[in-house]
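Read through the structure below, which is laid out as structure tokens, and then see the notes.
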Amino acid sequence: MTTDTTLSAADAVFDAEQAVSRARWVVEELQETISSALRALDDAELDSAKAKLSERGSFYLEAAGEHLGRLRTRCNDMPELTHDLFVHLNRASQSVTDARTLLDLADTSYPVIASEVAQLKPRIAVVGEMVALAKPVAQLAAQHVETAHQASRDVTALGLLEPVSLERSIATAGKELGRADEDVRLLGNVVDHAAASARESAGIASEITDNARRRISEQSRDPVPSASLPTPRSPSR
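Rendered as structure tokens:
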């Protein structure tokens with residue numbers, strides 16, 4: 486039963502490591518998407534300004550409209566990314582809880598198991614702390630992402646004909662995207678720490694798995710005396 490418990494705990498650690506790794510990938514995607522949206526916003530603002538000063542005003546207005554289309558496309562992708570992020574963070578949190586519960590149930594009267602549990606517990610605890618810290622940061626980022634998403638809808642090609650309205654919309658979208666960018670960069674640092682701790686935990690869990698399977702293999706090879714077998718007789722003299 487002890488071996489089964491440690492193997493189950495190791496499996497939960499592997500699940501947590503995978504979930505944190507996927508959350509880290511989503512954060513990177515979110516960072517790239519926000520950066521791309523900011524570039525599109527800057528390009529639209531620049532071409533809008535050129536349209537006022539150049540004889541090729543219609544050309545620059547058309548270019549600005551294309552940039553605004555890019556902006557909306559990027560912003561439309563962000564809510565789905567933040568949703569995926571929370572799915573992975575919640576899965577990581579649950580897996581950490583499962584792992585810690587199972588480790589508490591392990592029979593540490595065996596020195597080897599006690600040593601393994603002692604190594605793994607503090608590291609998986611760090612993963613849990615980092616994931617717990619990531620959640621409110623992710624929530625704040627999601628709020629700014631959603632506000633930026635809404636602001637991007639107000640920055641339309643028709644708005645190019647109304648400079649004051651356009652500039653106000655661009656400023657609002659830029660401010661919210663900037664806040665989202667700061668939040669996601671901070672989130673990236675937290676998730677990076679969680680991922681590093683999760684990898685260390687997974688490494689220890691892998692050793693625990695190998696040792697547990699070795700013990701199972703050794704136990705299966707040990708001969709078990711049967712009460713039905715006759716007792717060997719001493720050689721007759």
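When you read off a place in the sequence shown, starting at 1, and then add 485, the result is the number in this note's numbering. Note that the Cβ used here is the ideal one computed from N, Cα and C, for glycine as well. Nothing here was measured: the structure is a model prediction, and the numbers come from that model.
With DSSP collapsed to three states, give me the class of Leu492. The residue given as residue 492 occupies position 7 in the sequence shown. Helix, per DSSP.
Arg559: first and last residue of the uninterrupted alpha helix (DSSP H) it sits in: Residue mapping note: residue 559 aligns to position 74 of the sequence shown, counting from 1. Looking at the DSSP string, the run of the alpha helix (DSSP H) that includes Arg559 is Gly542 to Leu590.
Environment of Thr586 [buried if 16+ CB atoms lie within 10 Å]: To locate residue 586, count along the sequence shown from 1; it is residue 101. Result: exposed.
The alpha helix (DSSP H) that contains Thr632, what's its start and end? Within the sequence shown, the letter at position 147 stands for residue 632. Note, Thr632: alpha helix (DSSP H), Pro596 to Asp639.
7 Å Cβ shell around Thr593 - same chain, five flanking residues per side excluded: Position 108 of the sequence shown holds residue 593. Cβ within range, chain order: Ala599 and Val602.
With three or more beta-carbon pairs closer than 8 Å as the criterion, would you say the segment 540–548 touches the segment 573–585? no
What residue from Lys620, Leu526, Asn561 and Ser691 has the CA that sits closest to Ala679's CA? Your numbering for residue 679 matches position 194 in the sequence shown. Closest by alpha carbon: Lys620.
Exposed or buried, which one is Asp695 when buried takes at least 16 other CB atoms within 10 Å? Sequence index remark: in the sequence shown, residue 695 carries index 210 (1-based). Exposed.
Cβ pair Gly673, Gln516 closer than 8 Å: Residue 673 sits at position 188 when you count from the first residue of the sequence shown. Residue 516 sits at position 31 when you count from the first residue of the sequence shown. Yes, the Cβ-Cβ distance between Gly673 and Gln516 is below 8 Å.
Whole angstroms are fine: how far does the CA of Gly659 sit from the CA of Cys560? As a position in the sequence shown, residue 560 is number 75, starting the count at 1. As a position in the sequence shown, residue 659 is number 174, starting the count at 1. Cα to Cα, the separation comes out at about 12 Å.
Can you tell me whether Ser719 is buried or exposed? The criterion is at least 16 other CB atoms within 10 Å of its CB, across all chains shown. Locating residue 719 in the sequence shown gives position 234, where the first residue counts as 1. Annotation note: pLDDT 42 at Ser719 (below 50); position unreliable, coordinate value reported separately. Exposed is the call here.
Once you ignore the five residues that flank Asp528 on each side, which residues in its own chain have a CB closer than 7 Å to its CB? Position 43 of the sequence shown holds residue 528. Correct list, in chain order: His552.
Does the distance from the CB of Ile519 to the CB of Ala627 come in under 8 Å? Here residue 519 corresponds to residue number 34 of the sequence shown, with the count starting at 1. Here residue 627 corresponds to residue number 142 of the sequence shown, with the count starting at 1. Not closer than 8 Å, so no.
State the CB to CB distance for the pair Ala501 and Ala617, rounded to an integer number of angstroms; the pair is presumed to be in contact (CB under 8 Å). Position 16 of the sequence shown, counted from the start, is the residue given in the question as residue 501. Position 132 of the sequence shown, counted from the start, is the residue given in the question as residue 617. Not quite, the Cβ-Cβ distance comes to about 13 Å (not below 8 Å), so this is no contact.
When you compare the CB of Ala681 with every CB in chain B, is at least one pair closer than 8 Å? No chain B appears in the structure shown, which is made up of a single protein chain.
Looking at the structure shown, is Ser686 part of a helix, part of a strand, or coil, going by DSSP? Here residue 686 is taken as the residue at index 201 of the sequence shown, counted from 1. Correct three-state label for Ser686: helix.
According to DSSP, is Met486 helix, strand or coil? Position 1 of the sequence shown holds residue 486. Note that Met486 scores 43 on pLDDT, short of 50, meaning its location in the model is unreliable; the coordinates nonetheless yield the value given after this. Three-state DSSP puts Met486 in coil, outside helix and strand.
Taking C-alpha atoms, which residue in Glu565, Ser702 and Tyr595 lies nearest to Ala508? In the sequence shown, residue 508 corresponds to position 23, counting from 1. For Ala508, the nearest C-alpha among the options comes from Glu565.
From this set, Gly554, Ser580 and Val597, which residue's C-alpha is nearest Glu614's C-alpha? The sequence position of residue 614 within the sequence shown is 129, counting from 1. The shortest C-alpha separation from Glu614 is found at Ser580.
Taking all protein chains shown into account, decide if Ile701 is buried (16 or more other Cβ within 10 angstroms of its Cβ) or exposed. Taking the first residue of the sequence shown as position 1, residue 701 is located at position 216. Ile701 should be labelled exposed.
For Lys606, which of Val597, Pro596, Leu588 and Ala623 has the nearest alpha-carbon? As a working mapping, residue 606 is identified with position 121 in the sequence shown. Nearest option by C-alpha distance: Leu588.
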